[in-house]
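With our numbering applied, the sequence shown corresponds to residues 5 to 613, in that order. Think of the CB as a built atom: it goes at the ideal place given N, C-alpha and C, for glycine as much as any other residue. So the structure is just underneath, and the comments pick up after that.
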Amino acid sequence: MIVLGLSPLDKDSHASLVVDGRALFAAGEERFSRVKQQAGFPARAIEAALEFAGVRAADVDAVAYPFLDAAGERAAIERAFAQDAAFEDAFEPPPLEPLLAQALARVPERREPIHGLSEPNFRMRKGAAKEQFYRLAGTGPRASRFAARRIAKDWAARAIADHEHWQRELEAGLERLGLRGKLKRSEHHLSHAANAYYASGFERALVVTLDGYGTGLAGSVSLGEGGRLERLHGQRFPHSLGSFYEMVTSSLGFKPDRHAGKIVGLAAYGDPRVLSDVLLSRVDRSQPGEFAIYQNLNVHLSRRLAAEFPVVDVAAAYQHVLERLACGYVSEWMKRTGARHVVLSGGVTANVKMNQRIHELEGVEGLFVYPNMGDGGCGTGLAMHLSWPGRVGATLEHVYLGPGFDEAQMKAAIDEAGLRAERPADFAAFVARKLHEGVVVARFDGRMEYGPRALGNRSILYHGREPKVNQWLNQRLGRTEFMPFAPVTLWEAASKCYERVRGAAHAAEFMTVTFDCTDFMKRTCPAAVHVDGTARPQLIRREVNPGYYDILKEHEKLSGSPSLINTSFNMHEEPIVCSPRDAVRAFLDGRIDALAMGPFYVTNPNAAR
């Protein structure tokens, strides 16, 4: 059965082609349009998918879309907010002012500078008038209730209008392809659950999805067993960990849909004890196996906290509470089902520190996180579900599912830019030596990665000996980051570099979980180790990507380190490069020292050093 999977069109639209449960091609529209998180009908990605597989639109048996029609989504939204209004009427959180006064007394003095902040205890001051408004609308007993209800009403109106808009665009796009009659819709969280379970290879697993919103829910629990999924629980919206984290991301000055990872990095500099009890006072955990967050969409609370407390402490508290609620949720359902393997999907599970905490839970023997865990992976998940042949499938080996390019196309892009290319005989050893000497090398080879992580085929590589690389290379690429660059590490060296890898090594092949670093890793690759002693590695096996692996292996021979820095090959606020032309342009614009493209090695004539 051939299924075209389409992710939600509201942001980061993707297309995938799945045959009998196996994805042959998957890519985001942004990679072709060059617009970050491109919304709308993914016409370019669909064209690339069909062309790659040699399939005509008429050959497609079904089109999978992971939302109900607009009427169904409207009903789910209205039902969710009616239930939330009843909860808010019944729940009485303790007064916040005494808790906030106690929290202020716990703020530590800091003297060590934090890269990216003007001073260690930086606050998001907004002026007296705005800050007074945040106090009233965020924490005032009556004003906050009014503000929360107004925000909820506005959210619902926008969401309903959006579903109607994207339904029209979806149907028009499919009509042009002659596929409108083959459209198959589903509630949202089935698509997340399906991609996580079917790709995990586990026979029996607890399947947990966590995101912002999806068909009236913010999460779900299912039991995957014998190749089948059974829904056990739905976490009601707006009691959403995705929305909870979006509030703090926005309040700390970042874009919620793009920059949540910055909050994860920033949190490591703060003290969660300052504000965690303030946030937890607004959470109802009286019903085991679920939770409810009072006024969760009221952004004015996090804005008040960001104005009055150091941003690092605000980030730390939100991260701690996220981890605590997610771990409690998983633990309770593990207890009920007896499951020992956990698989995760949904935008919240992009939070690699939360995933580490889940991996470390007592009783967890195996963890898998779907590599394209956000909504970009939903179309693939539902397409897998619709075409699944039954039984337990093989584990996902790789996500090199995008377009690839031949040597002639690569050489043409190099020549077009007026660059001179070498073709070293022992390519891996040549590139490894350059990396060991301190050259920044962008690697472009093979098929493009599917999902948010660069996994070697569209990556920028550097040795990990120099901790300050995070500052100067990010500046060169136009980025501001609080997290260090992630490392790529040889599969066989995992336990030498990281603690407690067992059970999550496969998840780490896709950079979806952090680990505590060993002393060896801290000593040999300090640039990849965060201030909290963790790193988010990609573990690489030769059978998955031999050219990439060989560079790393040759580098180990020279340096003794089985790790390199791996960051995505793109400029700030641009998608990861897709084509050879994209690669050459980013290579030149980013003043990257060298480009390893297929068998060609190009030195940048305008490199910074």
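Whether residue i touches residue j by CB criterion (8 Å)
i	j	result
L365	V316	no
I297	C331	no
L227	H193	no
V325	M251	no
D215	G76	no
A156	F85	yes
T689	N376	A query on residue 689 cannot be resolved here, the shown segment of the chain reaching from 5 to 613 and no further.
I267	L279	no
A508	I569	no
E55	Q42	no
S576	L465	In the sequence on display, residue 576 carries His and not Ser. Result no, Cβ atoms of H576 and L465 do not sit closer than 8 Å.
R35	P491	no
A354	P260	no
E513	A436	no
T571	P541	no
A573	A421	Inspection of the sequence shows that residue 573 is occupied by Phe rather than by Ala. Taking 8 Å as the Cβ cut-off, F573 and A421 do not qualify as a contacting pair.
V473	V334	no
N138	R307	According to the sequence displayed, residue 138 carries Tyr and not Asn. Against a cut-off of 8 Å, the Cβ pair of R307 and Y138 comes out as a contact.
E231	V396	At residue 231 the sequence reads Gly, which differs from the Glu that was named. Their beta carbons are under 8 Å apart, which means G231 touches V396 by this criterion.
Q239	E191	no
G602	M414	yes
I50	A163	no
A412	M128	no
V347	V368	no
L187	V67	yes
D14	D166	yes
L233	V287	no
Coil, strand or helix - residue i by DSSP
i	result
G185	helix
D520	strand
F241	coil
Y502	strand
L309	helix
N570	strand
I596	coil
T219	coil
Y466	strand
S290	coil
G9	strand
G177	helix
T399	coil
R208	strand
V64	coil
G580	It is Ile, not Gly, that sits at residue 580 in the sequence shown. It is coil, neither helix nor strand.
Y404	coil
I81	helix
A43	coil
E327	helix
Residue i: CB within 7 Å of a non-hydrogen atom of the ligand COA
i	result
G385	Here there are no bound small molecules, and the ligand COA is not part of this structure.
Contact belief for residue i with residue j at Cβ below 8 Å, rounded distance in angstroms
i	j	result
S20	A387	6 Å
T538	T518	4 Å
A417	R585	5 Å
G120	F489	With a Cβ gap of about 14 Å, G120 and F489 do not count as contacting.
L236	A343	About 10 Å; that fails the 8 Å criterion.
R462	W495	Rounded, the Cβ-Cβ distance is 20 Å, inconsistent with contact.
H402	V548	5 Å
L305	T143	6 Å
A62	A31	22 Å between Cβ atoms; not a contact.
For residue j and residue i, the rounded distance between their alpha carbons
i	j	result
P46	V282	43 Å
R483	H263	11 Å
E426	F591	16 Å
V588	D449	13 Å
G25	C382	14 Å
P99	A320	22 Å
L245	R110	26 Å
N199	E113	45 Å
A147	Q136	12 Å
V7	L477	41 Å
V318	E116	18 Å
Residues that DSSP places opposite residue i in a beta bridge
i	result
E234	L227
F137	According to DSSP, which records beta bridges pairwise, F137 is partnered with nothing at all.
Y69	R189
Q542	V492
S20	G9, A30
H345	G370
R447	S463, A600
I689	No information on residue 689 is available, as it lies outside the stretch 5 to 613 that the chain covers here.
I297	V287
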